[in-house]
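Counting from 712, one number per residue, gives the positions in the sequence shown under our numbering.
Report on the following structure.
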Amino acid sequence: MAHESKDSDILLHGGCLCGRLRYALRADEIVGAGYCHCRLCQRSTGAPVVAWLTLPVEFFDYIKGRPTPYLSSRSYMREFCPDCGTQIAFRAVDPEPTLDVTIASLDDPARVPPRKHIWCESQTPWLSMGDDLPRHARGSNGG
712 MAHESKDSDI
722 LLHGGCLCGR
732 LRYALRADEI
742 VGAGYCHCRL
752 CQRSTGAPVV
762 AWLTLPVEFF
772 DYIKGRPTPY
782 LSSRSYMREF
792 CPDCGTQIAF
802 RAVDPEPTLD
812 VTIASLDDPA
822 RVPPRKHIWC
832 ESQTPWLSMG
842 DDLPRHARGS
852 NGG
C-alpha cells in the first residue's frame, strides 16, 4: 500500500479460492459497498448479483501473487486469479482514484455489508433480495 500503516489502521485481508492471490485493504478507507446486478457482473461471475466494496486505489494492494487482467468493456478491466479464476477487483483502464473489490473474496465478508443496489434494471426476475436498501435502475449516479 502506498500509505504507511499505523497501529490504528484496520486492515482487511482476502484472496482467491486456491490461495495464489492474497490482498490487504484499509477498511477505514472504504467509501462504498453495494450489490451490482449488471449483465457484465452476472456473466463474469456466473451469479445473479455481485457484492462490491469501493475504496481509493492506494489503500489496496496484492500481497501475494499477481492477477490476470481481463478487459470486460472499453473502459474497465476485471482482475482474476490465473489459476482458479476467482474475480478479485474491477478497475478503470484510465486510472481512476477508486477501485472495486469483491466483498465475498474477503476473509471475513460480514465486515463489509452492502448499502445499496445498482443496475437493478438488469436484476434477474427470480432473485428476491429481502432488504430495504436504496435501489438504482443503473449506476448509483445514473439511476
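The beta-carbon is built from N, C-alpha and C at its ideal position, and this holds for glycine as well.
> DSSP three-state call for T835: helix, strand or coil?
Replying inline: What you label residue 835 is simply residue 124 of the sequence shown in a count that begins at 1. Correct three-state label for T835: coil.
> Who are the Cβ neighbours of M788 in its own chain at under 7 Å, not counting the five residues just before and after it?
Replying inline: Numbered from its first residue, the sequence shown carries residue 788 at position 77. Here the set comprises P780, Y781, L782, R802 and V804.
> Is it right to say S839 is buried, meaning 16 or more other beta carbons lie within 10 angstroms of its own, or is it exposed?
Replying inline: Translated into the one-based positions of the sequence shown, residue 839 becomes position 128. Exposed, since its Cβ has fewer than 16 Cβ neighbours within 10 Å.
> For L844, is the classification buried or exposed, using 16 other Cβ atoms within 10 angstroms of its Cβ as the cut-off for buried?
Replying inline: Taking the first residue of the sequence shown as position 1, residue 844 is located at position 133. L844 should be labelled exposed.
>> Rounded to whole angstroms, what is the Cα-Cα separation between I741 and C749?
In response: Stepping through the sequence shown from its first residue, residue 741 is reached at position 30. Stepping through the sequence shown from its first residue, residue 749 is reached at position 38. The C-alpha of I741 lies about 22 Å from the C-alpha of C749.
>> Restricting to Cα atoms, I'd like to know which of A815, P825 and S833 is closest to G726.
In response: As a first step, residue 726 is located in the sequence shown; it is residue number 15 there, counting from the start. Comparing Cα positions, the closest option is A815.
> Going by Cα to Cα distance, which pick from C752, A821, T756 and H724 is closest to W857?
Replying inline: Past the boundaries of the shown model lies residue 857; the chain is included only from 712 to 854, so the question cannot be answered.
>> Quick check: the Cα distance between V812 and L764, rounded to an integer number of angstroms?
In response: Numbered from 1 along the sequence shown, position 101 holds the residue referred to as residue 812. Numbered from 1 along the sequence shown, position 53 holds the residue referred to as residue 764. Taking the straight line joining both Cα atoms gives about 5 Å.
>> Just verifying my parser: in three-state terms, what is the DSSP assignment at D843?
In response: Position 132 of the sequence shown, counting from 1, holds the residue named residue 843. In the structure shown, D843 sits in coil (DSSP, three-state: anything other than H, G, I, E or B).
> Taking only beta-carbon atoms, is P824 less than 8 Å away from chain B?
Replying inline: The displayed structure is made up of one protein chain only, and chain B is not part of it.
>> Starting from C752, trace the alpha helix (DSSP H) in both directions and tell me its first and last residue.
In response: Residue numbering aside, residue 752 sits at position 41 when the sequence shown is read from its first letter. Segment R750 to T756, the alpha helix (DSSP H) holding C752.
>> Within 10 Å of its beta-carbon, does G841 have 16 or more other beta-carbons around it, so buried, or fewer, so exposed?
In response: Along the sequence shown, read from residue 1 onward, the residue named residue 841 stands at position 130. Looking at its Cβ environment, which holds fewer than 16 other Cβ atoms inside 10 Å, G841 is exposed.
> How is the beta strand (DSSP E) around V823 delimited, first residue to last?
Replying inline: Position 112 of the sequence shown, counting from 1, holds the residue named residue 823. Neither: V823 is in no beta strand (DSSP E) and is coded neither H nor E.
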